[in-house]
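Colleague: In our numbering, the protein residues as written are 21 to 334. Quick one: structure below, then a few questions.
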Amino acid sequence: MVLSVTLNPCVDVTLGIDGLKPHDTNRVLTTEMDAGGKGVNLSRVAVELGTASTATGFLGGATGAKVRYVLDAQGVVSDFVCTATDTRVNYSVESGDGPPTTFNARGGAVTPDEWALLVATVRRLSREAKWVCFGGSSPPGVPDDAIVQLAAIARENGAKVLVDADGEAMRQAMEFAPDFIKPNAKEAERLVGEPVETQEQAVAVARRLVRQLADSGSPEAIVIISRGGDGAVLAFQDKAWVSTGVKVQVKSTIGSGDSMLGGFLTGLCTGKNLVASFRLALAAGAATAMSDSTEIARRPVVEGLLPQVPVQEV
21 MVLSVTLNPC VDVTLGIDGL KPHDTNRVLT TEMDAGGKGV NLSRVAVELG TASTATGFLG
81 GATGAKVRYV LDAQGVVSDF VCTATDTRVN YSVESGDGPP TTFNARGGAV TPDEWALLVA
141 TVRRLSREAK WVCFGGSSPP GVPDDAIVQL AAIARENGAK VLVDADGEAM RQAMEFAPDF
201 IKPNAKEAER LVGEPVETQE QAVAVARRLV RQLADSGSPE AIVIISRGGD GAVLAFQDKA
261 WVSTGVKVQV KSTIGSGDSM LGGFLTGLCT GKNLVASFRL ALAAGAATAM SDSTEIARRP
321 VVEGLLPQVP VQEV
């Protein structure tokens with residue numbers, strides 16, 4: 021079982037308009053709403069591809085009920101802590117003249133009792149998990165080292181730990197030494213303080229992060245650096261593989277990186293090796309990018325793209 025922990029999930033609302041006019045009235049042509057958050061998306065894709073997944077974290081109010089409804093409808097087991105504040109809403113405005121304009125809410129404050137209940141929930145659920153996955157931002161009220169605290173509990177229970185975070189949360193996680201990290205290129209740049217613009221730079225940084233994790237206590241650490249339309253890099257031990265990705269018509273990039281993780285962990289949980297799992301990850305990410313707005317990868321599309329995924333050892 022794959023357990024995802026999303027501290028700050030959301031409802032993603034995508035608004036379609038004909039050209040964005042700041043400081044003026046904009047007529048919305050289309051509105052789409054879906055469950056969102058890194059772990060939420062990961063669990064949805066994992067279940068879609070055939071791997072059991074449970075999602076936990078914080079949910080509250082009518083918006084939290086929307087997230088839970090989507091997860092239940094797709095077969096994801098939801099075991100969230102109910103909060104006094106409503107789950108946040110993030111907006112993406114697609115104006116047709118460039119990348120979307122996004123507005124991400126901070127999220128409501130979590131109380132000490134709610135945090136304590138999540139700690140107990142992760143302790144209980146991680147006993148049955150092969151992988152416990154942490155991703156995304158943290159809401160106000162949780163400890164600064166929330167991910168590290170929860171990851172330590174998961175590891176005590178014998179689970180492997182994935183972290184997909186940014187900034188200080190990822191820097192703290194590197195000291196904890198998770199079994200798997202997946203920054204995108206910009207997040208990797210912030211983590212190491214150097215450019216990650218080319219494939220060669222991404223490979224060098226991925227290898228460096230693998231060594232850093234090994235030195236900190238994870239000798240079999242896995243690093244994937246996603247590079248958007250330019251593909252991704254996989255590094256582990258002394259090996260590295262690259263892919264230029266599948267060339268598809270991109271409709272939305274929302275959830276593509278999370279879908280990669282759902283695909284990769286599905287591969288590992290079903291007995292595939294790291295390289296085969298990498299190919300499945302890329303197919304899942306591309307399938308989500310082909311989907312409308314906030315929709316996620318569907319299994320038939322992923323399976324159709326899989327033979328088209330190029331991978332090469334470097």
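Heads up, the beta-carbon is just placed ideally off N, CA and C, and yes, glycines get one too.
For residue 168, which three-state DSSP category applies?
Modeller: The count along the sequence shown starts at 1 and reaches residue 168 at position 148. If DSSP states are grouped into helix, strand and coil, residue 168 belongs with the helices.
Colleague: Quick one: what does DSSP say residue 194 is sitting in, helix, strand or coil?
Modeller: In the sequence shown, counting from the first residue as 1, residue 194 sits at position 174. Note: residue 194 maps to helix in three-state DSSP.
Colleague: Starting from the C-beta of residue 142, find all residues in its chain whose C-beta is less than 7 Å away, skip the five residues before and the five after it, and write them out in chain order.
Modeller: Counting from one through the sequence shown, the residue named residue 142 turns up at place 122. So the qualifying residues of the chain are 25, 76, 170, 173, 174.
Colleague: So, for residue 236: in the same chain, excluding its five sequence neighbours on each side, which residues have a beta-carbon less than 6 Å away from its beta-carbon?
Modeller: Working through the sequence shown from its first residue, we reach residue 236 at position 216. So the list reads 197, once near-sequence residues are dropped.
Colleague: Which residue's Cα is closest to the Cα of residue 50: 254, 150, 38?
Modeller: As a working note, residue 50 is residue 30 in the sequence shown. Measuring from the Cα of residue 50, the nearest candidate turns out to be 38.
Colleague: Cβ atoms of residue 71 and residue 99: under 8 Å apart, would you say?
Modeller: Taking the first residue of the sequence shown as 1, we reach residue 99 at position 79. Taking the first residue of the sequence shown as 1, we reach residue 71 at position 51. No, the Cβ-Cβ distance between residue 99 and residue 71 is not below 8 Å.
Colleague: With contact counted as at least three CB pairs below 8 Å, one residue from each stretch, are the segment 233-251 and the segment 130-147 in contact?
Modeller: The segment 233-251, when compared against the segment 130-147, does not touch it at the 8 Å Cβ threshold.
Colleague: Let's see if you can read the secondary structure: which residues bound the beta strand (DSSP E) around residue 52?
Modeller: The residue labelled residue 52 in the question sits at position 32 within the sequence shown. 48-56 is the span of the beta strand (DSSP E), which, as asked, contains residue 52.
Colleague: Would you say residue 308 and residue 275 are within 8 Å of each other, going by their C-beta atoms?
Modeller: For the purposes of this step, residue 308 is taken as residue 288 along the sequence shown, with counting starting at 1. For the purposes of this step, residue 275 is taken as residue 255 along the sequence shown, with counting starting at 1. The answer is yes: Cβ separation under 8 Å.
Colleague: Closest to residue 191 by C-alpha separation, out of 165, 181, 205, would be which residue?
Modeller: Locating residue 191 in the sequence shown gives position 171, counting from the first residue. The candidate whose alpha carbon is nearest that of residue 191 is 165.
Colleague: Under 8 Å: do the segment 90-107 and the segment 177-191 share three or more Cβ pairs, one atom per stretch?
Modeller: Because the criterion of three Cβ pairs below 8 Å is not met, the segment 90-107 and the segment 177-191 do not touch.
Colleague: Going by Cα to Cα distance, which pick from 80, 116, 201, 42 is closest to residue 271?
Modeller: Counted from its first residue, the sequence shown places residue 271 at position 251. It is 116.
Colleague: According to DSSP, is residue 108 helix, strand or coil?
Modeller: As a working mapping, residue 108 is identified with position 88 in the sequence shown. Three-state DSSP puts residue 108 in a strand.
Colleague: Considering residue 296, what are the terminal residues of the alpha helix (DSSP H) in which it resides?
Modeller: Counted from its first residue, the sequence shown places residue 296 at position 276. Segment 294-310, the alpha helix (DSSP H) holding residue 296.
Colleague: Any idea what DSSP makes of residue 98, helix, strand or coil?
Modeller: As a working note, residue 98 is residue 78 in the sequence shown. Strand, per DSSP.
Colleague: If we ignore side chains and look at the alpha-carbon of each, how far apart do residue 156 and residue 32 end up?
Modeller: In the sequence shown, residue 156 corresponds to position 136, counting from 1. In the sequence shown, residue 32 corresponds to position 12, counting from 1. Computed Cα separation, rounded: 14 Å.
Colleague: Measure the alpha-carbon distance for residue 106 versus residue 208 and round it to whole angstroms.
Modeller: What you label residue 106 is simply residue 86 of the sequence shown in a count that begins at 1. What you label residue 208 is simply residue 188 of the sequence shown in a count that begins at 1. Each residue's alpha carbon lies about 32 Å from the other.
Colleague: My output table needs one value for residue 27: the three-state DSSP class, helix, strand or coil.
Modeller: On the sequence shown, position 7 is the one that residue 27 refers to. Residue 27: coil per DSSP, three-state reduction.
Colleague: With DSSP as the reference, identify every bridge partner of residue 253, one or two as the case may be.
Modeller: Within the sequence shown, numbered from 1, the residue matching residue 253 stands at position 233. Partner(s): 245, 262.
Colleague: For the candidate residues 253, 84, 248, whose alpha-carbon lies nearest to that of residue 201?
Modeller: To locate residue 201, count along the sequence shown from 1; it is residue 181. Nearest of 253, 84, 248 to residue 201, Cα basis: 253.
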